[in-house]
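Data first, discussion second: the structure below is written as structure tokens.
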Amino acid sequence: MKDIYLSKHLGAFEVFSISSGTMIGAGIFVLPGLIAAKAGPASILCFLITGLIAGCAALSVSELSTAMPKSGGSYFFVSRSMGAMFGSIVGWGSLLGLTFKGAFAFIGAGDYFEALLPVSPIITALALCALITAINTAGTSVTGRLQNLVVIFMSVIFLLFIVEGLFSIKLGRFEPFFRGSPFSFLEATGMVFITYLGLIKVTAVSEEVKDPGRNLPLGILSSVAFVTVLYTMVMFVTVGVLPLGTLYTSLTPIADAARSFAGPGGFIIMVLCGLMATISTGNAAMLASSRYPFAMARDNLMPVWLSRVDDYLKTPARSILLVGVATFTLVLLVDLESIVKLGSVFNMIVFALVNASVIILRKADSSWYKPAFRSPLYPWVQVLGIAGSLILIPFMGAAAWISALVLVAAGIGWFYLFGRGKAQPEYGLRDAVRTLREKKASQLALASYDSSSHHSWRLLVPLWFSQVPGELLVLAGYLARHFDESVHLAFCNELPEQTPMAVADSGTAESLDLKECLAPLDEDMKPYFHLTNLYAVSREAGFVEMAEDYNTDLALMEWPPDTTHLRWELNRLIREMPCDMAFLLNRAMPGIERVLVASAIPEDRLKLTIAGAIAAETGASVTVMRIYSSQSKEMTSGDMELRILRSGLLYGIPLQAKVVLSDDVPGAIAREASGCDLLIVGAPHENNWLGTPFGPVVEALIEITQCPLLITRPPVTDSHRLPARLLKQIFGPHRAKNAP
-18 MKDIYLSKHL GAFEVFSISS GTMIGAGIFV LPGLIAAKAG PASILCFLIT GLIAGCAALS
42 VSELSTAMPK SGGSYFFVSR SMGAMFGSIV GWGSLLGLTF KGAFAFIGAG DYFEALLPVS
102 PIITALALCA LITAINTAGT SVTGRLQNLV VIFMSVIFLL FIVEGLFSIK LGRFEPFFRG
162 SPFSFLEATG MVFITYLGLI KVTAVSEEVK DPGRNLPLGI LSSVAFVTVL YTMVMFVTVG
222 VLPLGTLYTS LTPIADAARS FAGPGGFIIM VLCGLMATIS TGNAAMLASS RYPFAMARDN
282 LMPVWLSRVD DYLKTPARSI LLVGVATFTL VLLVDLESIV KLGSVFNMIV FALVNASVII
342 LRKADSSWYK PAFRSPLYPW VQVLGIAGSL ILIPFMGAAA WISALVLVAA GIGWFYLFGR
402 GKAQPEYGLR DAVRTLREKK ASQLALASYD SSSHHSWRLL VPLWFSQVPG ELLVLAGYLA
462 RHFDESVHLA FCNELPEQTP MAVADSGTAE SLDLKECLAP LDEDMKPYFH LTNLYAVSRE
522 AGFVEMAEDY NTDLALMEWP PDTTHLRWEL NRLIREMPCD MAFLLNRAMP GIERVLVASA
582 IPEDRLKLTI AGAIAAETGA SVTVMRIYSS QSKEMTSGDM ELRILRSGLL YGIPLQAKVV
642 LSDDVPGAIA REASGCDLLI VGAPHENNWL GTPFGPVVEA LIEITQCPLL ITRPPVTDSH
702 RLPARLLKQI FGPHRAKNAP
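Sequential numbering from -18 applies to the sequence shown in our numbering.
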């Protein structure tokens, strides 16, 4: 299938019109009665509070849409920041939210039409739904011009309504201001969310906007300010001129309010305006919602036929038909209040995910993310938007929040059943979090760099077996000679807990002979080594205690070919070791002429320090390799090569840069390492209690590589070490004793 793009022909005013048009309609014409019945006069604040929360989302959307002006709006933003699975959730949430909004608008139109002619509201709503579905196939330019006229006309009418109505307000109608429980007030506030959909859903047509860097934020943000003030003032007038009993039961509250101060003529005018506005809202909601199946189909999250644009009309006609049928079904089967609550909840989820997308993309600082507009007061605006959206969901009733859970589960299920393995983008939230961690680790490596610290490096070599591999000692010798520091060899005798430590002085325990151990080394290396025979209840606890006592910087040790019987001890050692660690896989290492460093973080202090010391001692070349998946957008290969070379200058290491595009990370590293004498890789910072200590990539490299492999690992963070600390507090520390 060939690529599909929509023509660009919408300006700032069209953006403002579409955004405002989805709000200046059913929401303000139908909701006042429902909201006032729950919150009383305080319903005025419901519109204001929800407007502020929606404004947070509008700022985030304005930023995202200028960086990614693509059809699909919030779906596209979330899928590109968190992956296809979350894109499936927000895509379905946006589609359902707008579909409910359209059904809400058509039901409101039916109520206003009944005030003119005695026709069943449901019949009118169904007829209008079918008509608008047909009209939308004419294309955005036709419906957009209609939207412009409606917004201009309705704005003028509401300004006249506010000005004249202010003189008819009775202040006694606002007393008491708060009626009912706080929970009903929060429920009413949440229900208003369905009114503010236009603040974010206009981005569903962002791919069709000219000069999106200017027109999108201008249109969206101006509609935020305008509509929020308009809603608050209209609600203020409506509450002030109508008795609450009348307002609670009215299906046409704005028209009834106009009749109270403008007579029958005012009533007729506002009924006509209400009819026009609700139809306009239904049109705008259908226009925006039809873009979501279109965008999801382009990413293989819906059938491909939905993404096909009609050759004559140039619109995604099949998507429009799908939305039209769904809206028709809702109008026929679901009551008004349920539609309002469900539509609002779906959009609360969307608002929260859109705000989270800005935080993720800003933190990742990817080279492709260059918005022409940046949200002010970041990240507080986004945090407020997320909290404000999610806090209201539990107050919307059991059916609403259960529907929210069902939406999340269904979105995930749809991804796994329909889109997994073919949906775009292929990365997910885990990849986004990994990118953030890599960036943070890179910044910490640069911030903590101190050239003076590299002239003093205390080394500990814990020995698991009496047979000491010569390659391990040679590598330790290179590091010791380069840093002019002693190497402490630690051989541990495990003693039963019942055995007194005095056995260490009896001469009965096993010990190593230093001279025999150092036989493979050059004579100039041997003076750097010191042997300590360690006695402890457990070897791993003894090594950890010795590392703490010696203020060790690096623990260099052998990684046995068969670790089955040592798995628990090694995992515990890694969890508790207070310093950096490096594990050498026991393989022949006759000489080192080429060192390959495979690193996700070019500024990785530990790997580069080791590689630089080896290169200085042996004259070996050092290549730093970084692998990108085919879905990565973090930065170009040229940018990464410069970053690698810069890290070499920072640490004073002459090195070469190698950037590879591959989805098979272990395979790519193994191919590059086939001609090298030492491969240095890093294990994840976190500790996996139940799995392998090095992660799947390193475990795969252990199996498929033939060259000597050095695995570096930083100490486990405090949060991951907490379970071990608790166990230690419960069962007490292990006893250990050193013997020279």
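Think of the CB as a built atom: it goes at the ideal place given N, C-alpha and C, for glycine as much as any other residue. Predicted model only: the values in this text are computed from it and were never measured.
Proximity of residue i and residue j at Cβ, strictly below 8 Å
i, j, result
"F142", "V252", "no"
"C37", "L311", "no"
"G263", "I103", "no"
"A(-9)", "K151", "Strictly speaking, residue -9 in this sequence is Leu, with Ala absent from that position. No, the pair does not count as a contact, with Cβ atoms beyond the cut-off."
"F67", "G324", "no"
"A594", "C560", "no"
"A471", "P443", "yes"
"C473", "L535", "no"
"V387", "S261", "no"
"L587", "T686", "no"
"I138", "C254", "yes"
"I88", "L317", "yes"
"A20", "G161", "yes"
"P284", "A278", "yes"
Residue i classed as buried or exposed, judged by whether at least 16 other C-beta atoms fall within 10 angstroms
i, result
"P234", "buried"
"Q363", "buried"
"K496", "exposed"
"H511", "exposed"
"S101", "exposed"
"S1", "buried"
"W549", "exposed"
"G91", "buried"
"G523", "buried"
"G722", "Any property of residue 722 remains undetermined from this structure, which presents the chain solely from -18 to 721."
"F158", "exposed"
"A7", "buried"
"A381", "buried"
"Y397", "exposed"
"V144", "exposed"
"F327", "buried"
"G200", "buried"
"T230", "exposed"
"G392", "buried"
"I(-1)", "buried"
"V218", "buried"
"E526", "buried"
"G572", "exposed"
"I330", "buried"
Nearest residue (CA-CA) to residue i, options the options
i, options, result
"D156", "R439, F309, M63, P224", "The sequence shown places Glu at residue 156, rather than the Asp named in the question. When only C-alpha atoms are compared, the closest one is P224."
"P193", "T118, K351, C254", "K351"
"P635", "S655, T590, I650, A651", "T590"
"K344", "Y93, L398, M63, A258", "M63"
"L358", "L690, F10, G6, S41", "S41"
"T604", "D658, D645, S643, G458", "D658"
"E539", "V455, R462, R586", "V455"
"A569", "H463, L690, I685", "L690"
"V306", "Y177, V222, L167, A111", "A111"
"L373", "K322, E574, A390", "K322"
"V678", "L98, F332, D645", "D645"
"A457", "P541, F564, S384", "F564"
"S370", "P284, V183, T170", "T170"
"F85", "I25, M172, L97, L33", "M172"
Run of the alpha helix (DSSP H) containing residue i, from where it starts to where it stops
i, result
"W382", "379 to 395"
"L642", "It is not in any alpha helix (DSSP H) - L642 instead sits in the beta strand (DSSP E) that spans 637 to 642."
"A563", "It is not in any alpha helix (DSSP H) - A563 instead sits in the beta strand (DSSP E) that spans 561 to 566."
"M66", "65 to 95"
"R652", "646 to 654"
Per DSSP, cross-strand counterpart(s) of residue i
i, result
"V576", "V603, L659"
"H511", "H469"
"P443", "A471"
"L33", "Answer by DSSP bridge pairing: none, since L33 is not bridged."
"L690", "L660"
"V190", "L(-9)"
Enclosing beta strand (DSSP E) for residue i [first to last residue]
i, result
"N474", "468 to 475"
"V697", "That residue, V697, is in no beta strand (DSSP E); it is neither H nor E in DSSP."
"M267", "Looking at the DSSP string, M267 is not in any beta strand (DSSP E); the run it does join, the alpha helix (DSSP H), is 234 to 270."
"W540", "535 to 540"
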